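In this note's numbering, the protein residues as written are 1 to 343. Written below as structure tokens is the structure these notes are about.
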């Protein structure tokens, strides 16, 4: 989920904690618990600090160990322990329980969007995603907004008990339908290697990626109505250049963040571009999440970029900068993979 949703859910859990009589009878503990759920609901995303080392480092680590089962109690203890150190007279147990619950709910919700998490690290680097709710789900946001609006008229804890029962029912319905949809499509596309659903804001409406031996199919699906919007044939690729690009640390970081990257090779007079594009994210036949490596014709220098590129203007700027950076490094004796920063 996005940060705004996690913040709102943190506040909602703080309201739900009023069902706990120990929390409800203490104003100090109530405020401490609200602070704990608010911070705890965002704590796993504190891996944002990897951004200071660059985009590629962040993409490699985001939703990794910080979202793993082993990290959940550590986040709960760290957040509640810090708050408790300033308020030692409150009940640590009840503060920890609600803070821990907020951390669990953060990772739980992240499992249901197209990104997923590496929740079973360090035992496996496998990405787990149930593909049932969008990254920003307006239905969950509206449900919480209604709950906040009702607080002056009804008991706080009971209002949000209903809110979360409805939210879990909503997620269950979407997840069940996503499972049914994938099974239906697998029966229809029997030659499919894999099928990926991209949940949309509209209920029971999905973006679609189907991979076969020969191509990728992109489309939309809803209630047994299928529209294939675009077909991307798989091409005979230059394996030497692809393998060379995979020696780039930015590319390896990018590849660790997705199971749906596909390489595209474009040869030019002064070198070769290798584009690794995440096929899950398609906007107007454009793939904005990518890693690009430019390899000079003599294999003497390389330059690379990874990140989100939403506009054609920025895309051209990235390509131009990579060529210039590679040219400026061509006189060096050794070949280095250098990351390029594009404002």
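Idealized CB from N, CA, C, for every residue including glycine. None of these values were measured; they are calculated from a predicted model.
Excluding five sequence positions before and after residue 39, the CB atoms of its chain that fall closer than 6 Å to its own CB belong to 79, given in chain order.
DSSP, reduced to helix, strand and coil, places residue 189 outside both helices and strands of the structure shown, so it counts as coil. Counting the other Cβ atoms within 10 Å of the Cβ of residue 229 gives fewer than 16, which makes it exposed.
Burial check for residue 60: the Cβ neighbour count within 10 Å reaches 16 or more, so the residue is buried.
Around the Cβ of residue 302, a 10 Å sphere holds 16 or more other Cβ atoms; the residue is buried. Linking residue 65 to residue 269 through their CA atoms gives a straight-line distance of about 43 Å. In this chain, the beta strand (DSSP E) harbouring residue 210 covers 206-211. Relative to the Cα of residue 295, the nearest Cα in the group 277, 266, 288 and 308 belongs to 266. Here DSSP, grouped into helix, strand and coil, assigns residue 287 to coil. Beyond the five residues adjoining it in sequence on each side, residue 210 comes within less than 6 Å, by CB distance, of 189, 192, 195 and 217 in the same chain, given in chain order. C-alpha of residue 257 to C-alpha of residue 62: approximately 8 Å in a straight line. When 22, 245, 232 and 4 are compared, the shortest CA-CA separation from residue 92 is found for 22. The Cβ-Cβ distance between residue 43 and residue 103 falls below 8 Å. Rounded to the nearest angstrom, the Cβ distance from residue 160 to residue 16 is 4 Å, consistent with a contact under 8 Å. Per DSSP, residue 124 lies in no alpha helix (DSSP H) segment and is marked neither H nor E. Every alpha helix (DSSP H) stretch that sits fully inside the region 88-154 and reaches 4 residues is listed by chain position as 92-110 and 138-150.
Secondary structure at residue 177: helix, using DSSP grouped into helix, strand and coil. Burial is judged here by how many other beta carbons sit within 10 angstroms of a residue's own beta carbon; residue 322 has at least 16 and is buried. Distances from the CA of residue 122 to each of 235, 316 and 70 were compared; the closest alpha carbon is that of 70.
Between residue 203 and residue 174 a beta carbon distance of about 7 Å is seen, short of the 8 Å cut, so the two are scored as contacting. Closest in alpha carbon position to residue 72, among 284, 108, 275 and 153, is 108. Annotation for residue 230: the continuous beta strand (DSSP E) segment containing it runs 225-233. Within the same chain, no residue comes within 6 Å of residue 286 by CB-CB distance, once the 5 residues on both sides are set aside. For residue 194, the enclosing beta strand (DSSP E) covers residues 194-199. CA-CA distance, residue 280 to residue 157, rounds to 39 Å. Under the three-state reduction of DSSP output, residue 79 falls in the helix class. According to the DSSP assignment, residue 217 belongs to the beta strand (DSSP E) that extends over 215-222. Taking a C-beta distance under 8 Å as the contact criterion, residue 4 and residue 140 do not qualify as a contact pair. The C-beta separation of residue 13 from residue 30 comes to about 12 Å, leaving the pair out of contact by the 8 Å criterion. The beta carbons of residue 87 and residue 32 sit closer together than 8 Å.
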